[in-house]
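Residue numbers (full-length UniProt numbering): 1 to 480.
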Amino acid sequence: MEEEPVAILVSGLARSFNEHLYAFLKQLPPNYHLFLSFARSDTKDHFINTAPAIDYLLENPNVKLIIIDSEIPPMTPGLSEREQNVIIYWHRLQKLFANIPGHYTRIFRCRPDIKLQMTIPQFIAHLSAPFEDHTVYIPTGFDIFNEQFKASDCVNDQVAYGSYAAMRTYCQMYWYLKSAPPIISEQQLYSHLTINGLNIMRTDMPYKLVLSQCFTIAICGDSGAGKTTLSKLIQDVLPFEQTLLFETDRYHKWERGAEQYSTITHLNPNANHLEKLSSDTFKLCLGEDVHTIDYDHSTGKFTEPKYIKPNKFMLFCGLHTLHKEALNDIYNLKIYLDTDTYLKQQWKIQRDVAVRGADPSTVLETMKLREPDFLTYIKPQQDAADIIIHLYAKDADTTTIHAAATIKRHLSPSVHNKLLPFLRESPIESANDTIHYKFREQVAHTEFFVHLKANNCNLKIPNDNYEGIIQYLIISLLWK
């Protein structure tokens with residue numbers, strides 16, 4: 001008996017389509033048919049986001065239709081660029097759906113720039129399960145990305161599937177958008193579906209956005225933990241002209257010494273413009289410039305705003321980089337820096353006395369007052385990290401810093417054997433899907449080079465001991 005055909009609709013900017021989504025979809029059985037719509041290069045991205053080669057895609061007999069779309073639909077004057085992009089997004093999807101023959105009883109649609117985090121059999125199981133009438137199936141998460149636009153009753157607008165009738169109504173969102181500004185896609189999709197009598201069934205279909213051909217690293221930790229030092233260590237082993245270090249203290253609401261800090265600390269998310277942090281991070285990952293101020297630690301003042309360009313490797317460093325779940329889904333690598341209390345105290349005293357002329361006792365008192373907010377807002381972010389780097393000093397000796405790393409199990413296979421020569425004891429496997437590595441205190445940078453070369457990597461590590469270990473760990477993860 002012939003398998004029931006399933007239509008896979010993919011529409012939007014191609015971005016990472018070839019490397020991730022198409023690499024997955026082309027493994028599907030022959031009854032899964034692809035209908036593709038890509039925008040022409042109508043994006044401001046600094047990265048290469050062009051439509052895949054048509055001839056290459058047409059070699060796949062499962063590809064039934066390809067549209068390269070440059071049409072801009074009529075729009076109401078005065079719409080923001082974001083609102084215009086939403087209209088174009090849904091206009092292209094409804095045009096694509098209009099080309100789907102009615103004999104397809106099962107429809108799946110998604111953006112081109114997603115990476116499905118499941119196996120082929122798991123995906124097929126989702127699409128083969130019985131569909132309820134008048135129901136659209138939408139994965140959990142991504143209900144509203146840009147938190148600059150506060151809205152309730154929102155739903156993921158990136159992935160959906162269901163029957164032909166349900167998905168036909170879903171793809172008619174364009175006509176609802178035209179009549180209902182202001183335009184917040186996730187909110188209006190929820191309204192459109194409910195007004196038309198469709199149930200929304202949330203499903204567990206894990207995926208992440210791969211917005212462009214850049215590699216993003218988030219670095220999070222307490223004030224004085226050494227985040228900037230860690231970021232620069234990583235920056236030193238990445239191609240210099242292709243790396244952006246983006247520090248997020250620029251999103252503090254107030255300058256140093258502001259009266260507001262008498263009742264709230266900068267560790268509290270409410271003392272920071274985290275909605276702007278989310279928006280700017282998202283734009284940089286899309287390959288767009290952002291216009292933003294910076295924070296001068298030597299003066300405690302904000303600088304004049306300037307344009308910052310994205311780069312191939314981007315490091316986002318700050319107190320709250322792992323605070324937003326939506327941002328955690330787009331980072332390629334998430335690091336939490338766990339520095340012991342004594343070491344943090346000594347480093348912060350050294351920095352604040354040298355740079356700011358602070359009194360050591362005042363520094364310690366300030367750290368004590370901030371401890372509750374650290375435990376409430378900063379430390380819990382380690383749960384979102386792929387890697388927790390632990391730094392500590394023994395017997396109050398800050399001249400010899402000890403390093404360890406807790407690595408999520410899904411990353412461990414790519415680095416496990418590479419780390420073994422530099423361990424002082426066997427790795428410890430934990431019940432929470434992590435592996436804990438304790439490193440030797442003394443390691444010369446020349447040792448790292450020997451092992452990198454054995455793994456066909458010609459990069460050099462300039463630092464010894466714990467600094468070199470961190471650099472070696474990052475290189476081992478990036479260059480698999």
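In this text, a Cβ means the ideal position worked out from N, Cα and C, and glycines have one as well.
Worksheet item: Excluding sequence positions up to five away, which residues of its chain have a Cβ less than 6 Å from the Cβ of residue 159?
Response: 110 and 139
Practice prompt. Let me know if residue 348 comes out buried or exposed under the rule of 16 or more other beta-carbons within 10 Å of its beta-carbon.
Written response: When all chains shown are included, residue 348 counts as buried.
Fill in: Counted within 10 angstroms of its Cβ, other Cβ atoms place residue 337 as buried (16 or more) or exposed
buried
Worksheet entry | Anticipated Cβ contact below 8 Å, residue 189 with residue 222, distance rounded | Incorrect: roughly 39 Å between the Cβ atoms, too far for contact.
Worksheet entry | Presumed contact (8 Å Cβ cut-off) between residue 6 and residue 108, rounded CB distance | 7 Å
Discussion item. For residue 42 and residue 289, I'd like the C-alpha separation in whole angstroms.
Written reply: Here the model assigns residue 42 a pLDDT of 46, short of 50, so the residue's position is not dependable and the matter cannot be decided.
Worksheet item: Taking the continuous alpha helix (DSSP H) assigned at residue 481, which residues delimit it?
Response: This structure cannot speak to residue 481, because the chain is shown only from 1 to 480.
Worksheet item: Taking residue 395 as the reference, which of 429, 388, 342 and 237 has the closest Cα?
Response: 342
Discussion item. Helix, strand or coil for residue 63? Go by DSSP, reduced to three states.
Written reply: strand
Worksheet item: residue 48: buried (16+ other C-beta within 10 angstroms of its C-beta) or exposed?
Response: Unreliable placement is indicated for residue 48, whose pLDDT of 46 sits below 50; no coordinate value is reported for it.
Discussion item. Across the region 171-182 and the region 88-100, are there enough close Cβ pairs to call them in contact, namely three or more that are closer than 8 Å?
Written reply: yes
Fill in: residue 106, enclosing beta strand (DSSP E) - first and last residue
106-110
Worksheet entry | Beta-carbon contacts of residue 452 that lie in its chain and below 7 Å, excluding the five residues immediately before and after | Cβ neighbours of residue 452 beyond the five flanking positions: 459 and 475.
Discussion item. Rounding to the nearest angstrom, what Cα-Cα distance links residue 384 and residue 378 in this structure?
Written reply: 11 Å
Discussion item. Using a Cβ-Cβ cutoff of less than 6 Å, which residues in the same chain neighbour residue 11 once the five nearest sequence positions on both sides are dropped?
Written reply: 37, 92, 93 and 96
Worksheet item: Under three-state DSSP, which class holds residue 272?
Response: The answer is strand: DSSP assigns residue 272 an E or B state.
Discussion item. Judging by CA-CA distance, which residue of 403, 457 and 438 is the nearest neighbour of residue 466?
Written reply: 403
Practice prompt. Could you tell me the distance, in whole angstroms, from the CA atom of residue 327 to the CA atom of residue 282?
Written response: 8 Å
Worksheet entry | Those residues which DSSP pairs with residue 296 across a bridge | 301
Item to complete: Could you say if the region 309-317 and the region 242-254 meet the contact criterion of at least three C-beta pairs nearer than 8 Å?
Response: yes
Worksheet item: Is DSSP giving residue 439 helix, strand or coil here?
Response: strand
Discussion item. For chain B, check one thing: does any of its Cβ atoms lie closer than 8 Å to the Cβ of residue 79?
Written reply: The chain labelled as chain B is not found in the depicted structure, where only one protein chain is given.
Fill in: C-alpha gap between residue 80 and residue 201, whole angstroms
31 Å
Item to complete: Go ahead and label residue 301 buried or exposed: buried means 16 or more other beta carbons lie within 10 angstroms of its beta carbon, across all protein chains shown.
Response: exposed
Worksheet item: residue 420: beta carbon under 7 Å from a heavy atom of the ligand GDP?
Response: Although the ligand GDP was asked about, the structure shown includes no ligands whatsoever.
Practice prompt. Check residue 398 in the structure and name its three-state DSSP category.
Written response: The answer is coil: DSSP assigns residue 398 none of H, G, I, E or B.
Worksheet entry | Contact between the region 364-382 and the region 262-281 (3+ Cβ pairs under 8 Å) | yes
Discussion item. Closest to residue 270 by C-alpha separation, out of 280, 254, 67 and 447, would be which residue?
Written reply: 254
Worksheet item: Alpha carbon to alpha carbon, how far is residue 228 from residue 272?
Response: 19 Å
Item to complete: Report the rounded CA-to-CA distance for residue 354 versus residue 299, giving the unit in angstroms.
Response: 12 Å
Worksheet item: Out of curiosity, what's the CA-to-CA distance linking residue 414 and residue 440?
Response: 20 Å
Discussion item. So, for residue 225: in the same chain, excluding its five sequence neighbours on each side, which residues have a beta-carbon less than 6 Å away from its beta-carbon?
Written reply: 337, 339 and 344
Fill in: Cα-Cα separation, residue 153 to residue 187
Cα to Cα, residue 153 sits roughly 6 Å from residue 187.
Discussion item. Please list the terminal residues of the continuous beta strand (DSSP E) segment that includes residue 504.
Written reply: The question about residue 504 has no answer here: the residues shown for the chain are numbered 1 through 480.
Item to complete: Can you grab the Cα-Cα spacing for the pair residue 67 / residue 464, in whole Å?
Response: In this structure, the straight-line span from the alpha carbon of residue 67 to that of residue 464 is close to 54 Å.
Discussion item. Tell me the DSSP secondary structure of residue 221 in three-state form.
Written reply: strand
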